[in-house]
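Worksheet for the structure shown next.
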């Protein structure tokens with residue numbers, strides 16, 4: 001892969017800045033194998049900074065500790081001071097489409113958000129996740145996004161390992177297929 005191809009793919013897949021928002025009623029944390037390492041510290045920080053009122057932890061796949069993602073994330077949140085009453089679980093999603101669909105159903109049915117929702121995932125995943133959530137959530141809900149970086153799949157190093165290349169190329173293909181408009 002040459003420098004021009006890397007730059008082009010990076011521009012399509014990775015955001016250039018975080019959304020700026022004051023407060024979201026609920027933060028949906030998309031599960032992953034290492035969610036407790038990369039996503040949950042940020043989720044807990046946003047909760048403690050009162051930028052979000054509740055955490056909706058989404059994901060039914062197995063995490064690094066061989067527990068379901070939602071369970072590992074919940075344990076992390078509880079261990080770091082988030083009360084059980086502010087944690088909502090989505091236990092079944094196996095992919096991003098299901099994260100968006102099932103989490104949106106919970107948000108609407110439980111009425112935990114009347115104005116705004118935020119999502120949290122990795123940088124290489126945020127554009128397609130935001131697109132899918134925007135299409136799954138009711139239009140009256142404002143959608144914000146927040147992303148974290150993992151060690152090997154950042155905008156400045158993703159082309160250095162085969163696993164990161166695979167993740168980014170998958171995101172690139174999905175973004176192109178869905179027709180996601182780049183956001184800065």
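Numbering (UniProt numbering), first residue to last: 1 to 184. Heads up, the beta-carbon is just placed ideally off N, CA and C, and yes, glycines get one too.
- The Cβ neighbour count for residue 140, taken over all protein chains shown within 10 Å, is under 16; the residue is labelled exposed.
- DSSP lists 121 as the beta-bridge partner residues of residue 147.
- Three or more Cβ pairs drawn from the stretch 112 to 123 and the stretch 144 to 151 lie within less than 8 Å of each other, which places the two stretches in contact.
- As a beta-bridge residue in DSSP terms, residue 88 pairs with 56.
- In the structure shown, residue 26 falls within a strand segment according to DSSP collapsed to helix, strand and coil.
- For residue 11, the enclosing alpha helix (DSSP H) begins and ends at 3 to 13.
- Each residue's CA atom was taken as its position, placing residue 71 and residue 129 some 21 Å apart.
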